[in-house]
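Residue numbers (my numbering), protein chains in the order written: chain H, 66 to 233; chain E, 130 to 276; chain U, 7 to 118; chain B, 23 to 517.
C-beta atoms are modelled at their ideal positions from N, C-alpha and C, and glycine is treated no differently.
The next block holds one structure in the form of structure tokens; read it before the comments.
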């Protein structure tokens, strides 16, 4: 199946589901108009959603994604404690700066989730992305190393392996 | 989707994922204007925001390939004209300008309240298109040095 | 009573900004504040003690409602304010193009 | 029922122009000429046929406590005729004048929106509806002032937009206070309920409306935006702004609110008197030193608005007659003068009086009509300006306000002096201008000749037989202050 067609089908179904969640499903008028509006939305924006083919099976990807969420929550707790320690420390031992890290991901959605995860974890913040060179620029509240590989190990690799399973 | 047109990859991806939802929500607000809070203006603004999201994330070139800008302009004028046409139909069918001459239907049904739904749709299109075009024009004006 | 006074104060803040600021963008923002103050005034006049929002929903009993008319008026006036702001911003962009500045004391080709 | 068509026709024209004329420019001209002609015919017809009837119309067939009501009485018809005449001639004048600026159809669309806004303000009987139509008129005015896209025009438009928005918000605040005091927005209902309220409320509302509409009418302490905006706009738009916009949005609404709704409390008529006199004197003093022709005319607008306010402030039937008559006359001759300035600017490329001269040979129609208009504005006997000023001065004397009459005469003399300057330097000066850049075509000349003929013809309106059918019903509406409530509410119950 062509990517665009697949994307449109996904958007159509999702739009219908959202419409039914918003409205009263028992009314036939709502259902008919919902289908018409979902078709319109699909026609206008349907081809945006999916742009690349995934290799993994959907079920396997979903399981990996749930696992990823757990891992993300764990990393989040760790990072929170770390930053809290920095904040309450009387000397305020911070060393802010921007570092560059490498990533092996090359799908748009994977990079987006990675960088958003990095941003959401306290202490690190994605400033910019260079997809062609597979690099991320991270603002780090406490720069431990300026070496690219070590920084990648410290920041990116926590998430990257699972994300590969989910999105690649 | 070039890297250097529009904003970064993150914004682009999130826009790709979310734009259909914003658009759908805008249309939902327009269609339920006579039943719940919202209506033509609010829904039109949300639709304009969906389009503007794409404009901001992907840049002018991509957007002008996606949407036919002159068609949007025609749509805007046409919906304004149709609004007036319904108003004038009110004179001949309902006895006064903008009179509600259509069947009022049943309370809380989607197709009810006569002309209000139609007017809401036209207002929504008009507002959405005008707001998008305003930003389109303002963002497109190049600042030229001096006179 | 105090709310009305605060609302009036907000109106005066807007008026002060319009009259004294020298930057085009700040003047536009002050006009926005002025508009919010007036809209707030309208909404305050609509308020009735111990009443609910004026929306009829399925299966809800008609209780005492706040006055819905000023709310409709505010919606219209917000639309108008949007138009005003867009107009002013467009003019400010054009003025910047012509004069290369947002400072109103340097935009003085018209005299007298 | 023709009332809603005053709004529908120009609005439909504006939208159709933007829909169709984006591709074909000629359609814009054709559509807008059709629309303004229709409005002219409609307003003249209703003015002649209605006399002193009052007609009301419920929008959307909602009856009065809930709906919006349109009201047409003699005053409304009178102002509508004025707006229609000026917009018709301005449009005829624009067809050639606007060609040398860009983007034809947008101009016509905005022009029709301007007419929509003014007609709406005039015809509505509802406070908030008035505010909405006022904003429509103002938006298109802002855009049209900036239409020539030169630096000065943007500057003037920005100033105008800021002042316009501030005054609009003051008016909206006034409307909010009115609503909270009376729980209604229909003018007639407000007039009915308001006297039962605390008198302080009337002063609050009056002060807010006085500041807001005073800014729109450019009475003296609020005049700062007018000279810039009116002199920077394209000439036909200057004539629309000076001729009718400040009257429809300023003076007309002031009359309606302070006479028909508030029943003319004495303190406000006193304010009218003082503001009017200050405007007459200071406006004319500022005008006399100007060398830019359109700027000079713009300052004269302030001065002439002062005469109208003075007439309103006297508040006797004779004073109101003078004010209403001067309102009409000023629209005619000030528009004509702006057309003259526009055609001179188009032909010579300058508005500086010192660089003009010898125009009698180059632009015969322009200079002859400008002579008529100048004599008219300075109050020389056979022309209309003389009669209206005379009535105002006599009314001031009769009402026992001799000093105000003296100021009015001084203002009139200074007006004469400043227009002698215009004629002396501008049209008969020694500077011999030989070449003309653009030819003034027949359409522009027609517009000027129509108004020049009207300058003489309207002075017939004071002839006793004609006065009874034209001006007297209008004065009756204003002078019988509370009659308005009966007529509007009674008319509604009759329907």
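Neighbourhood of residue i by C-beta, 7 Å cutoff - its chain only, sequence neighbours within 5 removed
i	result
residue 231 of chain B	193, 196 and 279
residue 159 of chain H	151, 206 and 207
residue 235 of chain E	241
residue 164 of chain H	203, 205, 208, 211 and 216
residue 25 of chain B	77, 79, 92, 94 and 145
residue 35 of chain B	53, 54, 57 and 134
Enclosing alpha helix (DSSP H) for residue i [first to last residue]
i	result
residue 464 of chain B	464-479
residue 142 of chain E	138-160
residue 164 of chain H	Here residue 164 of chain H belongs to no alpha helix (DSSP H); instead the beta strand (DSSP E) covers 162-167.
residue 163 of chain E	No alpha helix (DSSP H) contains residue 163 of chain E, which DSSP labels as neither H nor E.
residue 406 of chain B	406-420
residue 334 of chain B	315-336
residue 12 of chain B	One cannot answer for residue 12 of chain B here, as it falls past the ends of chain B, which runs 23 to 517.
residue 227 of chain H	222-232
residue 189 of chain E	189-195
residue 207 of chain E	198-223
Cβ-based neighbour list, residue i, same chain, cut-off 6 Å, excluding 5 preceding and 5 following
i	result
residue 245 of chain E	163
residue 214 of chain H	none
residue 394 of chain B	474 and 477
residue 499 of chain B	95, 96 and 97
residue 106 of chain B	61, 62 and 65
residue 107 of chain H	73, 76 and 77
residue 272 of chain B	235, 238 and 239
residue 32 of chain B	57, 134, 137 and 138
Beta-carbon contacts of residue i that lie in its chain and below 8 Å, excluding the five residues immediately before and after
i	result
residue 204 of chain B	211, 212, 215, 216 and 219
residue 49 of chain U	76, 77 and 80
residue 182 of chain B	163, 164, 167, 247, 250 and 251
residue 51 of chain B	117, 126 and 130
residue 136 of chain H	223, 224 and 227
residue 212 of chain E	248, 251, 252 and 255
Limits of the beta strand (DSSP E) - the one that residue i falls within
i	result
residue 256 of chain H	Since the first and last residues shown for chain H are 66 and 233, residue 256 of chain H lies out of range.
residue 189 of chain H	189-195
Residue i: contacting residues in chain C (beta-carbon distance under 7 Å)
i	result
residue 186 of chain H	Note that chain C does not occur in the displayed structure, where the protein chains are H, E, U and B.
Under 7 Å, CB to CB, which of the residues in the region 205-227 of chain H have a partner in chain E? none
Using a Cβ-Cβ cutoff of 7 Å, what residues of the region 144-174 of chain E are near chain H? List them in chain order. 145, 146, 148, 149, 150, 152, 153, 156, 157 and 160
In the region 67-85 of chain B, which residues sit with their C-beta less than 9 Å from some C-beta in chain E, listed in chain order? 79, 80, 81, 82, 83 and 84
For the region 84-101 of chain H, which residues have a CB atom closer than 8 Å to at least one CB atom of chain E, in sequence order? 84, 87, 88, 92, 94, 95 and 98
Listed from N- to C-terminal order along the chain, which residues in the region 129-148 of chain B have their beta-carbon within a distance smaller than 8 Å of any beta-carbon of chain E? none
Within 8 Å, do at least three Cβ pairs link the region 491-499 of chain B to the region 94-109 of chain B? Three or more Cβ pairs closer than 8 Å define a contact, and the region 94-109 of chain B meets that threshold against the region 491-499 of chain B.
Hey, which unbroken runs of the beta strand (DSSP E) at 3 residues or more fall wholly within the region 61-139 of chain B? 77-80 and 91-94
Closer than 8 Å between beta carbons: that is the criterion. Which residues of the region 90-103 of chain U meet it against chain B? 90, 93, 94, 97, 98, 100 and 101
Please confirm if the region 149-158 of chain E is in contact with the region 175-188 of chain E, defined as three or more CB-CB distances below 8 Å between the two stretches. yes
Against chain H, which members of the region 212-238 of chain E pass a CB distance test of less than 8 Å? 238
Assess contact between the region 170-180 of chain B and the region 296-307 of chain B, defined as three or more Cβ pairs (one per stretch) separated by less than 8 Å. Is contact present? When Cβ pairs closer than 8 Å are counted between the two stretches, the region 170-180 of chain B is seen not to touch the region 296-307 of chain B, the count staying below three.
Pull out every residue of the region 32-54 of chain B whose Cβ sits closer than 8 Å to any Cβ of chain E, in chain order. 33, 34, 37, 38, 40, 41 and 44
Interfacial residues, the region 184-199 of chain B to chain U, with Cβ spacing under 7 Å: 184, 187, 188, 191, 194, 195 and 198
Check whether the region 341-355 of chain B touches the region 303-321 of chain B, taking contact to mean three or more Cβ pairs, one atom from each stretch, closer than 8 Å. No, the region 341-355 of chain B does not touch the region 303-321 of chain B.
Inspect the CB distances between the region 105-124 of chain H and the region 250-264 of chain E and report whether three or more fall short of 8 Å. Of all C-beta pairs linking the region 105-124 of chain H to the region 250-264 of chain E, fewer than three are shorter than 8 Å, placing the two stretches out of contact.
At a CB distance below 7 Å, what residues from the region 32-53 of chain U approach chain B? Give them in sequence order. 33, 37, 40, 41, 44, 47, 48 and 51
Near-chain E residues of the region 394-426 of chain B (beta-carbon distance less than 9 Å), N- to C-terminal order: none
Any beta strand (DSSP E) of 3 or more consecutive residues that is wholly inside the region 362-391 of chain B: none
Between the region 147-167 of chain B and the region 125-135 of chain B, are three or more C-beta pairs nearer than 8 Å? yes
With a threshold of 8 Å, are at least 3 pairs of Cβ atoms found where one atom belongs to the region 110-124 of chain B and the other to the region 30-49 of chain U? no
Below 8 Å, how does it come out for the region 135-146 of chain H and the region 166-175 of chain E: are there three or more Cβ pairs, yes or no? no
If contact means a Cβ-Cβ distance below 8 Å, which residues of the region 237-248 of chain B contact chain E? none
Using a Cβ-Cβ cut-off of less than 7 Å, give me the residues of the region 143-177 of chain H that come near chain E, in sequence order. 173, 174, 176 and 177
Is there contact between the region 29-40 of chain U and the region 55-62 of chain U, where contact requires at least three CB pairs shorter than 8 Å? The region 29-40 of chain U vs the region 55-62 of chain U: no contact.
Using a Cβ distance threshold of 8 Å, determine whether the region 421-437 of chain B contacts the region 332-339 of chain B, with at least three qualifying pairs required. Yes: at least three Cβ pairs fall under 8 Å.
Residues, ordered as in the chain, of the region 113-138 of chain H that lie near chain E by beta-carbon distance below 8 Å: Taking 8 Å as the cut-off between beta carbons, the residues of the region 113-138 of chain H near chain E are 113, 114 and 116, in sequence order.
Short of 7 Å Cβ to Cβ, which residues in the region 71-91 of chain U face chain B? Within the region 71-91 of chain U, the qualifying residues are 76, 79, 82, 83, 86, 89 and 90.
Meets three-Cβ-pair contact criterion under 8 Å: the region 321-334 of chain B and the region 402-417 of chain B: yes
Contact between the region 375-384 of chain B and the region 350-357 of chain B is defined here as three or more beta-carbon pairs at a separation below 8 Å; is this criterion met? no
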